[in-house]
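Trainee: Have a look at the structure that comes next, please.
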Amino acid sequence: MIGDILILIYPWVKAVHIMAVISWMAGLFYLPRLFVYHAERVEPGSDTDALFQTMEVKLLRFIMNNAMVTAWIAGILMAFTPGIIDWSAVWPYTKLIGILGMTWFHMWLAGRRKDFERGANLLTGRRYRMMNEVPTVLMIVIVVSVVVRPF
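So this is what it looks like as structure tokens:
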């Protein structure tokens, strides 16, 4: 019964999943760039600091968090849809590792935003630039796992 419903709504769930992942990824790419400029060019306690904090918190809370939760829910629904995933293959597990890494990175960014909020940021713009490569590497792992299925 539930399996039949999941099969019926699968194209819609997949469409929602893709839109949520695009939104989530946009935030995962943009928030560290905001942190670069915030760390390099903004004096703590200034009006510009308040402006950056507003942009960062709104991006994280209203776009990224909602997109992440939606991507996870839609992904779980797809994973439970009968006949979609061959659980004897390796690719679902490499994708899951990538997703867990992406979720960890999201939480790491949320922690760094709180550091800026407390005026306690210790990382340099260079470090944020380096960390900005993390979602790219994870995206490659996830997309290759799902599309190419090399394992």
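Positions 4 to 154 (my numbering) are the ones given, in order, by the sequence shown.
Positions of the beta carbon are idealized from the N, C-alpha and C atoms, including for glycine.
1. Residue 60 and residue 120: beta carbons closer than 9 Å?
2. Which parts of the region 24 to 96 are runs of the alpha helix (DSSP H), unbroken and 4 residues or longer, counting only runs that do not cross its ends?
3. With burial defined as no fewer than 16 other Cβ atoms inside 10 Å of the residue's Cβ, what is the status of residue 115: buried or exposed?
4. Determine whether the beta carbon atoms of residue 144 and residue 86 lie at a separation below 9 Å.
5. How do the region 40 to 56 and the region 81 to 100 stand: do at least 3 beta-carbon pairs fall below 8 Å, yes or no?
6. In this structure, does DSSP put residue 139 in helix, strand or coil?
7. Helix, strand or coil for residue 152 per DSSP?
Mentor: If we stick to the structure as given:
1. In this structure, residue 120 lies closer than 9 Å to residue 60 by Cβ.
2. If one requires a minimum length of 4 residues, the alpha helix (DSSP H) runs lying completely within the region 24 to 96 are 50 to 61, 68 to 82, in chain order.
3. Result: buried.
4. In this structure, residue 144 lies away from residue 86, with their beta-carbon atoms at least 9 Å apart.
5. Counting C-beta pairs with one atom in each stretch, the region 40 to 56 and the region 81 to 100 have fewer than three that are closer than 8 Å, which means they do not touch.
6. Helix, per DSSP.
7. Residue state, collapsed to three classes: coil.
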